[in-house]
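Report on the structure given below.
What follows is the structure in structure tokens.
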């Protein structure tokens, strides 16, 4: 099992460009999450999907959109990138039950110039 | 306002020393998790504590959940260079059907040989 995979691993964008971050999990998990990690800020939840077909905003959703394509895949889209979106983005998945484990991907390092 | 406060933010010690990392909040959590993150990778779950006053041991690591379920600590005995990493606590506040974690900002531990 690959667990949680993310593509790309690194990306550099210019202000105003758009891109989609891809995430896939092969653990048959119901829930999937997108976080961003900035120095000194910890992990902040952007969007999550409790189950296939549903998505909800997290703590910092502005400037992002998501799509739960199917049970395996959950993508994050930046429509018009801004320098403030420079960050490391992590996708995670879990069974979606209380006290369950969240499994994280390796991250995407995004720089917006 | 940070829901979970971790201290210290940075910790640099020599191999063989003991250390304690704290995770505090004014809110009650139904469960609390500790993750460790190594450079360039996503966080990996170490332990989940659920019951107030609960103590869990994982080899040289001892985790405690406060009686009121508002705080937690991680104690490492005889630290080794392999313990180096970012330690994150994350709380689940419970309620509803969507289980989301709130992360602290983390403690960056460096164990020098």
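Residue numbers (this note's numbering), protein chains in the order written: chain A, 1 to 113; chain B, 1001 to 1113. We put the beta carbon where it would ideally sit given N, CA and C, even for glycine.
List, in chain order, every chain A residue whose beta-carbon is nearer than 7 angstroms to that of residue i.
i: residue 1057/B; result: Residues of chain A passing the Cβ test: none, with the nearest at roughly 18 angstroms.
i: residue 1042/B; result: 90, 104, 105, 106, 107
i: residue 1101/B; result: 102
Along the beta strand (DSSP E) that carries residue i, what are the first and last residues, could you check?
i: residue 1091/B; result: 1085-1092
i: residue 15/A; result: Counting along the chain, residue 15/A falls outside any beta strand (DSSP E), and DSSP gives it neither H nor E.
i: residue 1103/B; result: 1101-1103
i: residue 1056/B; result: 1055-1058
i: residue 1063/B; result: 1061-1065
i: residue 1024/B; result: 1019-1024
i: residue 1010/B; result: 1010-1014
i: residue 67/A; result: 64-68
i: residue 1051/B; result: Premise fails: residue 1051/B is in no beta strand (DSSP E) and is neither H nor E.
i: residue 131/A; result: Examination of residue 131/A is not possible in this model, given that chain A is present from 1 through 113 alone.
i: residue 1112/B; result: 1107-1112
i: residue 111/A; result: 108-112
Please look up how many angstroms separate the CB atoms of residue i and residue j, rounded, as I've assumed it's under 8 angstroms.
i: residue 1074/B; j: residue 1063/B; result: 6 angstroms
i: residue 59/A; j: residue 77/A; result: So it is not a contact: roughly 18 angstroms between Cβ atoms.
i: residue 35/A; j: residue 92/A; result: 7 angstroms
i: residue 1003/B; j: residue 1107/B; result: So it is not a contact: roughly 16 angstroms between Cβ atoms.
List, in order along the chain, the chain B residues whose C-beta lies closer than 8 angstroms to that of residue i?
i: residue 53/A; result: Simply none; closest approach about 14 angstroms.
Using CA coordinates, which residue listed in the options is at the minimum distance from residue i?
i: residue 66/A; options: 2/A, 32/A, 3/A, 27/A; result: 32/A
i: residue 25/A; options: 80/A, 69/A, 4/A; result: 4/A
i: residue 1085/B; options: 1048/B, 1037/B, 1027/B, 1102/B; result: 1037/B
i: residue 1060/B; options: 1113/B, 1047/B, 1071/B, 1070/B; result: 1047/B
i: residue 10/A; options: 88/A, 96/A, 95/A; result: 88/A
i: residue 1109/B; options: 1004/B, 1078/B, 1008/B; result: 1008/B
i: residue 85/A; options: 6/A, 7/A, 21/A; result: 21/A
i: residue 18/A; options: 64/A, 2/A, 42/A; result: 64/A
i: residue 1054/B; options: 1030/B, 1017/B, 1014/B, 1006/B; result: 1030/B
i: residue 70/A; options: 14/A, 15/A, 30/A, 7/A; result: 30/A
i: residue 80/A; options: 6/A, 37/A, 62/A, 40/A; result: 62/A
Who are the neighbours of residue i on chain B, taking C-beta pairs under 7 angstroms?
i: residue 101/A; result: 1045
i: residue 32/A; result: Those within 7 angstroms of residue 32/A in chain B number zero; the least Cβ separation is about 12 angstroms.
i: residue 64/A; result: Under the 7 angstroms cutoff, chain B gives no residues; its nearest Cβ is about 16 angstroms from residue 64/A.
i: residue 41/A; result: 1105
Starting from residue i, find everything on chain A with Cβ-Cβ shorter than 8 angstroms and list it in chain order.
i: residue 1088/B; result: 42, 43
Can you list the residues of chain A that residue i reaches, using a CB-CB cut of under 9 angstroms?
i: residue 1108/B; result: Chain A residues near residue 1108/B: none, gap ~10 angstroms exceeds 9 angstroms.
At 9 angstroms on the CB atoms, spell out the chain B contacts of residue i, in chain order.
i: residue 47/A; result: Within chain B, no residue comes near residue 47/A; the closest Cβ sits about 11 angstroms away, beyond 9 angstroms.
The stretch 1034-1050 of chain B in contact with the stretch 85-103 of chain A per 3-pair CB rule at 8 angstroms: yes
Is the stretch 106-113 of chain A in contact with the stretch 47-59 of chain A, if contact means three or more CB pairs nearer than 8 angstroms? no
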